[in-house]
Amino acid sequence: MEQKLYFAQYNEALKQNKLLGLKCQQCNTITTPPKMACRQCGSPDMEVVELKTDGKIRTFTTVFVGAEGRESEVPYILVIVELEEGPWIMGNLEGVEPKSVTMELIGKKVKMGNKIFAGDTYSAGESARPIFTLAG
Amino acid sequence: MKKVAVVGVGETKFSGPQTKTEVELFAEAATEAIAESNLKAKDIKALFIGNALGDIEEGQGMVASYAAENLGCHYAPANRYEGACASASMAVRDAFMWVASGYYDIVIAGGVERAATMGTGLATRTFAMFSDARYEYPSGVTFPAVFAMLTHLYADTYKIPLQKLREQMAKVTIQSYKHGAINPKAQFFGKNADMSVEKVLGSFVVCTPLTLHDCCPFSDGAAAVVLASEEVAKKLTKKPVYITGIGQASNGPLGNQNDYLPRIRARELSSEQAYKMAGIKPQDVDLCELHDCFSIASLIAAESLGFFDYGKAGEAWEKGEADIGGKVAINPSGGLKAKGHPIGATGAGQVYEVARQLRGEVEPGRQVPDAKIGLTDTLGGDGGTLVNMILERGW
Ligand SMILES: [Zn+2]
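Protein chains in written order, with my numbering: chain A, 1 to 136; chain B, 1001 to 1395.
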């Protein structure tokens, strides 16, 4: 059985600042990133939809110890954002000083863009990643 | 199903980088467990071995077969289990099933890892392989970053001021270090017994708000346990420790666990299975070796296992309710934070500790008095794999 939305299409869309997801035709839940089955009810009966990229920060951390190959990126801010339509996605927050962020960040509204992670020895090629900035 | 007993246990010292190979480390633990069981390697019908990253640590895949041959279990079937930090618990659980089914009467289960040998950079990269590689690693997620984000989410969800939560987390670290300091198998044996809240909070920041002392170390080590059917166990030992409940569940990427976070739903389901199978409740548990890869992880685990209310575990640690003499003795071994965390061996190390606690054989300073029921709790990745096991005295 073919999956309705694959990583490759999701990734190409993200490069255009478009966030794709799947809307379950059985329970209306939005699933993103793409999967074969609805994250809520397990049904494969889903249709591809373009999601709103507005959201708010649910949690964050400033990373000071990077993985091998990514040492030069530290310090950087990781966030999990709750999208307007429900799903949570992980990304980076840019435009603020990583060493200055506090719990005040939680609940802040953000806009989404993207950058490319070029990949390393272990990854099967590149992946786009969401880059958030504070809205307004 | 047949009743299944732990009849012997073995463990290497958990340590920083060292020179023994993975098959050598596993053999050290396994031969100890086999000797304690009054058996010979040739009596072992099958091997179940957790190993998460041997391919990268040593360039060695299929380590289970080499481990079997190396220790004298010639031609015995040998399976490798990979479920990140829960690998060895998956191995013990499956070994249990094979004996419970009646197919084998004597097997060995355990695990081995050389995470410390990789060094911090490669270990950080490879541990991040247990996060979602396509959708979350590109953002630079690391293992501590996952629990750092859970810390901020926990503070926000339960409305605990971050500074207060960090002090509670420091108490978790201090308790673990206290027990680990007198456990000769622990990586921090003889170390860190004088840790203070100030020292924990003031140490190097890994990922805000987690400092070095909120994190477990990278470790090398191995652990192994011999399992036997009740009938065989009674002939081998006067003190069989029965596995009376098991549970396992899985989760997807961290972001897709949003209906429950900071709770880990897979843990709630896994422990529920184990409690139900054993016919016990959380309040019946005398000691619990739980997955404290980070200090916040102890709070999250203790709540999901049913020991304390959500958002209240920190208070329990402050009051000593999570220590020996409290409601439940948590991590009298020192846990992952002080005993160490050789990821593919960790779950078997928990079974090793619980079995010895139930037999009353650990150092007096960390022995849980008259312990009858113990629980293990092992988490792989960002909550992707959860395994729980309940062990009880058989005498
Ligand atoms: Zn659905």
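Even for Gly, the Cβ is constructed at its ideal location relative to N, Cα and C.
For ligand 1, residues qualifying as neighbours are Cys24(A), Gln26(A), Cys27(A), Thr29(A), Cys38(A), Gln40(A), Cys41(A), Ser43(A), where qualification means a beta carbon closer than 5 Å to at least one of its heavy atoms (chain order). Among the residues facing chain B, Glu85(A) is not included, as its CB has no counterpart in that chain under 9 Å away.
The beta carbons of Asp1323(B) and Leu1025(B) sit no closer together than 9 Å.
In this structure, Phe1147(B) and Ala1297(B) form a Cβ contact; the two beta carbons are roughly 6 Å apart against a cut-off of 8 Å. Taking the beta carbon of Glu1303(B) as reference, no residue of chain A falls within 8 Å; the closest one sits roughly 17 Å away. Within the DSSP secondary-structure output, Val1007(B) pairs in no beta bridge.
With a beta-carbon spacing of about 18 Å, Pro1262(B) and Asp1132(B) fall beyond the 8 Å limit used to define contacts. Annotation: the continuous beta strand (DSSP E) that includes Leu1386(B) extends over 1385-1393. Gly1394(B) and Gly1360(B) have their C-alpha atoms some 13 Å from each other.
Inside the stretch 1234-1317 of chain B, DSSP marks whole beta strand (DSSP E) runs of 3 or more residues at positions 1241-1250, 1287-1289, from first to last along the chain. Taking every protein chain shown into account, the CB of Met1090(B) has 16 or more other CB atoms within 10 angstroms, so this residue is buried. A straight-line Cα-Cα distance of about 8 Å links Ser1087(B) and Ile1049(B). With 16 or more other CB atoms across the displayed protein chains lying within 10 angstroms of its CB, His1341(B) is buried. Residue-level contact check: Pro130(A) touches chain B, since one or more beta carbons of chain B fall below 9 Å from its beta carbon. What Ile30(A) touches in chain B, judged by beta-carbon distance under 7 Å, is nothing: the nearest beta carbon there is about 11 Å away. The beta-carbon of Asn1331(B) is placed no less than 9 Å from the nearest beta-carbon of chain A. Taking 9 Å as the threshold, the shortest C-beta distance from Pro44(A) to chain B does not fall below it. For Leu14(A) and Phe132(A), the gap between their C-alpha atoms comes out near 13 Å. As a beta-bridge residue in DSSP terms, Val1226(B) pairs with Gly1008(B), Ile1108(B). In this structure, Val81(A) lies away from Val63(A), with their beta-carbon atoms at least 9 Å apart. Counting every other CB atom within 10 Å of its CB across the protein chains shown gives Phe1308(B) a total of 16 or more, marking it as buried.
Under a criterion of Cβ atoms nearer than 7 Å, the residues of chain B adjacent to Gly69(A) are, in order, Arg1125.
Three or more beta-carbon pairs separated by less than 8 Å link the stretch 1170-1185 of chain B to the stretch 1320-1336 of chain B, which places the two stretches in contact. Counting along the chain, Glu47(A) sits inside the beta strand (DSSP E) bounded by residues 46-51. For Thr61(A), the chain B residues whose C-beta falls within less than 7 Å of its own C-beta are Ala1145, Ala1148, Met1149, His1152, Cys1207, Thr1208, listed in chain order. Contact note: Asn92(A) reaches chain B through Ser1139, Gly1140, using a C-beta cutoff of 9 Å and chain order. Between Leu1053(B) and Glu1113(B) a beta carbon distance of about 7 Å is seen, short of the 8 Å cut, so the two are scored as contacting.
A residue is called buried when at least 16 other Cβ atoms come within 10 angstroms of its Cβ; Asp1286(B) meets this threshold and is buried.
A residue is called buried when at least 16 other Cβ atoms come within 10 angstroms of its Cβ; Pro1161(B) does not meet this threshold and is exposed. At least one C-beta of chain B is nearer than 9 Å to the C-beta of Gly66(A). Of all residues in the stretch 1040-1054 of chain B, none comes within less than 8 Å of chain A when Cβ atoms are compared. Annotation: Cβ neighbours of Ser127(A) in chain B (cutoff 7 Å, chain order): Arg1134, Pro1138. Between Met103(A) and chain B, the shortest Cβ-Cβ separation is below 9 Å. Under the 9 Å criterion on CB atoms, Lys109(A) is classed as non-interfacial with respect to chain B. Pairing Phe117(A) with Pro1332(B), the inter-Cα distance amounts to about 42 Å.
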